[in-house]
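**Student:** If you read the sequence shown in my numbering, its first letter stands for residue 14, the second for the next number, and so on.
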Amino acid sequence: YISDAEESWPSSLAERAELERLLASAIDKMPVIEKTVLSLYYHEELTLREISKIVHLHESRISQLKSQAILRLRAYLEKRWPVRKGGA
């Protein structure tokens, strides 16, 4: 029996697990301040203002660090994860 839901297919589950492994590896390689900002923003769901008070940096710097971290993750994943062009 194979589920109709594509996200439940064994191939989809394996692909997701590999993507999660790659993402964890990319995060491990990031500078500590970027990891901290991402963790506080996405896991703790704090605002940039709240994060700025915690790490004692200006809110605009927190925004820069968050953007920089996301770009770093994208670049890392683009090198290691094949992306299908054209939606096929």
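In this text, a Cβ means the ideal position worked out from N, Cα and C, and glycines have one as well.
Give, in chain order, every unbroken run of the beta strand (DSSP E) that is at least 3 residues long and sits entirely within the segment 15-51.
**Tutor:** Fully enclosed beta strand (DSSP E) runs of 3 or longer: not present.
**Student:** In three-state terms, what does DSSP make of E57?
**Tutor:** Correct three-state label for E57: coil.
**Student:** Using a threshold of 8 Å, state whether the C-beta atoms of A39 and L78 are closer than that.
**Tutor:** No, the pair does not count as a contact, with Cβ atoms beyond the cut-off.
**Student:** Beta-carbon separation of S25 and E19 under 8 Å?
**Tutor:** The answer is yes: Cβ separation under 8 Å.
**Student:** State the CB to CB distance for the pair L53 and L59, rounded to an integer number of angstroms; the pair is presumed to be in contact (CB under 8 Å).
**Tutor:** At roughly 5 Å, the Cβ-Cβ gap stays under 8 Å, so L53 and L59 are in contact.
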